[in-house]
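As structure tokens, the structure follows; a few thoughts come after it.
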Amino acid sequence: MNIYQRLFSRTSIQFFVLLLSCELICRCTHAKLYARSLNNANNLYSGNNKNNNNNNSTVLNRTIVTLGVFVPWTGSWPVGKKLASAATVAIDDINNDTTLMKNEHLQFIWKDDKCDGEQTVGKTAELYYTYENQGRKGVDAYIGPYCSEGCVSGGLLAAFLEKPMISYSCSKDTLSNKTIYPTFARTKTFVRSYPKILSRKLVALMKKHGWSLITLVVSTESGWHTFAQGVFTELMQHNIQVADKLTYNKNKNDYEHVLNLAKDKARIFALLGYHPETAKLLVKAREMGMFNGENVFITMDFEVESNWEKQDWLGGYTVDEAFNGFLDMSVESPESLGDGTYKKFQERVREKMAEDPFDYQMKPDEKVHIDAAFLYDAIYLYALAYNKTKAAGGDPYNATQLMKNVFSANFRGKTGQVVLKKGDRTPILEVRNFQSGKPVHICTFGLQENDECTNSKGKVDIVWPGGVKTAPLDRPKCGFNGELCKQDEDQENTLIQILAIIFGILFILIGLIVVFVYKRRKYEKDLLGKGFIVNYDEIVNQGTYGGGGGGHAQQNGKVMGGSISSKLPDTYSVQSDTESMMERSQFIVSYRGQHVMIKKLNKTTSNVNRENLLEFKQIREIHHVNVCQVVGVCVQCPNVCILTQYCSKGSLQDVLQNSDIRLDWMFKMSFATDIASGAYELHRNGIIHGRLHSNNCVIDNRWVCKITDYGMDKFKQTHHNNNQEDETEYQKYRKLLWQAPELLKSTSSDDKDGKTKEGDIYSFGIILSEILTREDPYYDYEMEPKDIIKNVRARHEPPFRPKVNEADCEDNRYCALMKSCWTDCPSQRPNFENVKGRLKRMSGGRTGNLMDNMIEMMGRYTDNLEDLVEERTQQLAAEKAKTDELLYKMLPKTIAEQLKMGEQVTAETFESVTIFFSDIVGFTSLAGASTPMQVVDLLNDLYTCFDKCIDNYDVYKVETIGDAYMVVSGLPQRNGFKHAGEIATMSLDLLHHTKTFRIRHLPEKFLQLRIGIHSGSCVAGVVGLKMPRYCLFGDTVNYASRMESSGLALRVHISPECKELLDQLGGYQLIDRGPTNMKGKGTINTYFLGGKQGFDKSLPDLTNAAGLDQHVFK
1 MNIYQRLFSR TSIQFFVLLL SCELICRCTH AKLYARSLNN ANNLYSGNNK NNNNNNSTVL
61 NRTIVTLGVF VPWTGSWPVG KKLASAATVA IDDINNDTTL MKNEHLQFIW KDDKCDGEQT
121 VGKTAELYYT YENQGRKGVD AYIGPYCSEG CVSGGLLAAF LEKPMISYSC SKDTLSNKTI
181 YPTFARTKTF VRSYPKILSR KLVALMKKHG WSLITLVVST ESGWHTFAQG VFTELMQHNI
241 QVADKLTYNK NKNDYEHVLN LAKDKARIFA LLGYHPETAK LLVKAREMGM FNGENVFITM
301 DFEVESNWEK QDWLGGYTVD EAFNGFLDMS VESPESLGDG TYKKFQERVR EKMAEDPFDY
361 QMKPDEKVHI DAAFLYDAIY LYALAYNKTK AAGGDPYNAT QLMKNVFSAN FRGKTGQVVL
421 KKGDRTPILE VRNFQSGKPV HICTFGLQEN DECTNSKGKV DIVWPGGVKT APLDRPKCGF
481 NGELCKQDED QENTLIQILA IIFGILFILI GLIVVFVYKR RKYEKDLLGK GFIVNYDEIV
541 NQGTYGGGGG GHAQQNGKVM GGSISSKLPD TYSVQSDTES MMERSQFIVS YRGQHVMIKK
601 LNKTTSNVNR ENLLEFKQIR EIHHVNVCQV VGVCVQCPNV CILTQYCSKG SLQDVLQNSD
661 IRLDWMFKMS FATDIASGAY ELHRNGIIHG RLHSNNCVID NRWVCKITDY GMDKFKQTHH
721 NNNQEDETEY QKYRKLLWQA PELLKSTSSD DKDGKTKEGD IYSFGIILSE ILTREDPYYD
781 YEMEPKDIIK NVRARHEPPF RPKVNEADCE DNRYCALMKS CWTDCPSQRP NFENVKGRLK
841 RMSGGRTGNL MDNMIEMMGR YTDNLEDLVE ERTQQLAAEK AKTDELLYKM LPKTIAEQLK
901 MGEQVTAETF ESVTIFFSDI VGFTSLAGAS TPMQVVDLLN DLYTCFDKCI DNYDVYKVET
961 IGDAYMVVSG LPQRNGFKHA GEIATMSLDL LHHTKTFRIR HLPEKFLQLR IGIHSGSCVA
1021 GVVGLKMPRY CLFGDTVNYA SRMESSGLAL RVHISPECKE LLDQLGGYQL IDRGPTNMKG
1081 KGTINTYFLG GKQGFDKSLP DLTNAAGLDQ HVFK
């Protein structure tokens, strides 16, 4: 980004036009002004060498180097007459120093910048376009300006002109940004520019005196609030308690108010503000009797001005009396160096002031300003950087090369050790004690963070407020409310309390041990599973086969019609008596009066170890509608078996292949959803099925599909191993049709690599194909299972999978889900949580709704609908709750309930409410520069932010119209006079939120919110039949609207009636605005809300508020 872009993006358009105009004028008058500048002896100083010749390019064969020095001779801060000749002293010293600028002669031209930004820009341009030396255009460098206003604007122009600028003051933080000010540096620094350093040194000072409690008293002037926040954060991080952070305005009454609040919470006070303000605070504290030896006041960068002696605000005190007995933390002063050099320097400055080019005779009582030493160091810094750049083979007239040596300078100057980092001086802080109006050096902190505060001359006694010699305590011995002394009265009970605590702890420990032992025993007892381990003698009617296919159990335990239908080709047939996928060992039996399925395990031993018990416990704790419940386990040899819940409809494979049962799409989706839900529950409980296929999915009499034959892998391991020996090759390979290819070993068909969640997903994909086709998997390939497994294991591209007709899918997403489940890459398969969500979306948000089908099949199957009705009732209740929630957002809850009951809502009068109106200043122009969608997005973002904020207060949002936002408190639920406080605090909170609110399409634009509030009576009621609205009527509404439309940006405008209520509530800071003319009301004395006691959220900086020309007053 070039300098013009930086100027245009960081300064106003007016300044940019001014700069270009200045450049044009200067170019047109170049020759005339150049001649004038050469002949102006009053502004040019070439040193005290008697052989110099201003008309030649060299003096004694030395190249002339010219500096432009800015001095505030006149204007708002005319201190130039007390420091300007420091430039003369510096020039003479450098020219006479044989080690500095050996082949150059240094001179300067000085200009009065009047501490004004525009003047500085003009003088900077003038010194560039009206001076030329040896082909170098303009002065070689700028020294100054003195004031921040000049540095901010002049520094930009210097960067544009590629000229170094070294200031000897200026405190603006933005000047540290070397992207904007690449050629700017400064030799003076301020405490307020380094909150972190100041805070850490303040912590060290407090700990040295044993203080841990402090109150911050902060000015509302620009910059101090941010500084105070940084100090607050650092203090808290170092375990220094901040009792309060109070702000004050430039108002005598406000000084007293703030000090009254502060003295009840702390004894140590840090006064953060410019020294003219803190001086008045100190005088007010003295008048209030706070300089009584109990309090400590710590100021920042404090200095006593000579003209204060005659000021009325001293209240009859002399300067020596008023400013005595407090501490000050500031950047190390040259006066504190103590080597006598500064005093000699002052005498030279006073002598040179009377000589050319300043010719000013200082009065005897006029002191040389302390910043004279910083001016000297600024010129000396340039000479050192010039020397170093040239010695390194660089070009000292190249600003970039020169500033590298300026930014890293480290030398001993008139102000002590000068250490620069990126152009800013690293501060060396000192602690001073003001005694009889004069600062006395106490100690100096080193540059390192952990350096202590030391005094090379030894310890100096501090005079504390009231003239005492002992440092005051940070809090009264008995506390601010006498609470600490109450502890002495209770000391006689201390021993009893300690003993009670000890016995209490012992009791708690014993109780914890008892609870632990009890829970441990209970866990071990649960582990044994009383009632889960089945006695085989309790199993009745063993030996009856339970195939399924709609078969039913009679009282004698036999099953009628138990054959399994199969539509495989002849080469892939299933014998109903021996080859069903429902294992041959599964039967229907009776256990404790209920029908259950029994699965006998081929185990020769029945040893049950702890691992088996843990498996049993895990299985017992699973309760889910889509998981078939395990009733119990029998471990008696040779009758080891597992009892599970009996599902009368048989397996899913039986139902799918039964042509007598008509299954529509809703039934199929229900089966798929049930299986996914059951598998998700198993995976959630850490169980991987590993044998998931359509015969391990059973259907109960309510047509709910459940997963069975899961878990207890270690208990079943011997059974699986023995069964493999008895199985035929056909049976072995047929069981693998649902197995994922990565789990199939290439060496043997009768082994698997284990089981994974991804493998269960693959099996589910195969089951989805069965549900869709109502046939066995791979039925249309006319291949033996062994050949099918061989093709699957080969992992061809595309992979070998069951054939499906996508035309049979009523929803293409079903086939897509099926294919994603059986994809070759396990990591690309979805999990069951994802599968459930996708199936739910296919079902239109429903989860297995079979109500319509159940009604159609009610004649053949009697079902228990209680659970389904309860589920629908809960869904209806949830929808009703959503509707009510939406209604309550549109109308007050009490009003909405009356309308729901069909009652007529009568308008109601409220004697006292507070109404809030707000709008956006400049909204019309903002909307004109935005598209309609951008305006909608802006208002939606803003009102969403506001709506979240007002939820924290007892208020009711009435409506929004365009950029207007209306809120009321005190109705429909009356709250006494609290409504004024609720609205006032809410207003401050909304202003706080506007600080961080950003307009999406105009992020650099600062939102200008103005607020008006008024308290009074009104009538509220519902109007209209269609889209009824809860409206407010009465003069109070109009009055509140006028308060908003006559207010100012970033302000809360308050009526006199509202002020009275806030005064009754107390704690609110109100600022008298004065008479205000309002339409329909005449002239009324109104107020601004400045803050609230205890409200510590930051408010917008009023310097960012829109100008009056942007306001529309109605």
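Residue numbers (full-length UniProt numbering): 1 to 1114.
Here a beta-carbon is modelled for each residue, glycine too, at the ideal position from N, C-alpha and C.
Only a predicted model underlies this, so the values are computations on that prediction, with no experimental measurement involved.
Item, Value
"Cβ-based neighbour list, Val79, same chain, cut-off 8 Å, excluding 5 preceding and 5 following", "Pro72, Tyr146, His369 and Asp371"
"Closest Cα partner of Asn695 within the set Val935, Val640 and Lys706", "Lys706"
"Rounded straight-line distance, which links the Cα of Val968 to that of Thr226", "33 Å"
"Within 7 Å, strictly: CB atoms of Val935 and Ala1106", "no"
"Ile496 classed as buried or exposed, judged by whether at least 16 other C-beta atoms fall within 10 angstroms", "exposed"
"Continuous alpha helix (DSSP H) stretch holding Gly154: start and end", "Ser148 to Leu161"
"Backbone secondary structure at Asp328 - three-state DSSP", "strand"
"Cβ pair Trp822, Arg801 closer than 7 Å", "yes"
"Close-in-space but distant-in-sequence residues of the same chain around Lys668 (CB under 6 Å, 5 per side omitted)", "Ile771"
"Cβ-based neighbour list, His993, same chain, cut-off 8 Å, excluding 5 preceding and 5 following", "Cys945, Phe946 and Cys949"
"Thr644 versus Asp954 - alpha carbon distance", "58 Å"
"At least 3 beta-carbon pairs within less than 8 Å: the segment 414-430 vs the segment 289-303", "no"
"Boundaries (first-last residue) of the beta strand (DSSP E) holding residue 1118", "Because the chain is modelled from 1 through 1114, residue 1118 falls outside the range shown and cannot be assessed."
"Distance between Thr773 and Leu656 (C-alpha atoms, nearest Å)", "9 Å"
"For Asn133 and Thr444, the rounded distance between their alpha carbons", "45 Å"
"Exposure of residue 1120, with buried meaning 16 or more beta-carbon neighbours within 10 Å", "Since the first residue of the chain shown is 1 and the last is 1114, residue 1120 is not available in this structure."
"Expected contact under 8 Å - CB spacing of Ala243 and Thr215 to nearest Å", "5 Å"
"Alpha helix (DSSP H) segments (min. 4 residues) lying fully within the segment 82-144", "86-95 and 117-129"
"Separation of Ser590 from Met626, as counted between CA atoms", "Note that residue 626 is Asn in the sequence shown, not Met. Roughly 22 Å separates the two Cα atoms."
"Nearest-angstrom Cα separation, counted from Ser827 out to Asn834", "14 Å"
"In chain order, each beta strand (DSSP E) run of at least 3 residues that lies wholly inside the segment 1063-1090", "1068-1078"
"Cβ-based neighbour list, His683, same chain, cut-off 8 Å, excluding 5 preceding and 5 following", "Lys757, Asp760, Asn831 and Phe832"
"Between the CA atoms of Ser436 and Gly138 - distance to the nearest angstrom", "49 Å"
"Where Ile961 falls, given that 16 or more other Cβ within 10 Å makes a residue buried", "exposed"
"Beta-carbon proximity list for Phe411, same chain, < 7 Å, skipping 5 on both sides", "Leu384 and Val418"
"Residue range of the alpha helix (DSSP H) that includes Cys815", "Asn812 to Cys821"
"Contact check, Thr161 vs Tyr128, beta carbons under 7 Å", "Position check: residue 161 holds Leu in this sequence, whereas Thr was assumed. Yes; because the gap between Cβ atoms is below 7 Å, this pair is in contact."
"C-alpha gap between Arg795 and Gly765, whole angstroms", "16 Å"
"Exposed unless 16 or more other CB atoms sit within 10 angstroms - verdict on Glu959", "exposed"
"is_contact[Val121, chain B] using C-beta, thresh 7 Å", "No chain B appears in the structure shown, which is made up of a single protein chain."
"Asp537 versus Cys634 - alpha carbon distance", "10 Å"
"Alpha-carbon spacing of Lys716 relative to Leu736, whole angstroms", "18 Å"
"Host beta strand (DSSP E) of Asp244 (start-end)", "Gln241 to Tyr248"
"C-alpha gap between Ile642 and Trp738, whole angstroms", "23 Å"
"Cβ neighbours of Leu314 in the same chain (closer than 8 Å, five flanking residues each side left out)", "Val283, Trp308 and Ala322"
"Alpha-carbon spacing of Asn535 relative to Tyr814, whole angstroms", "46 Å"
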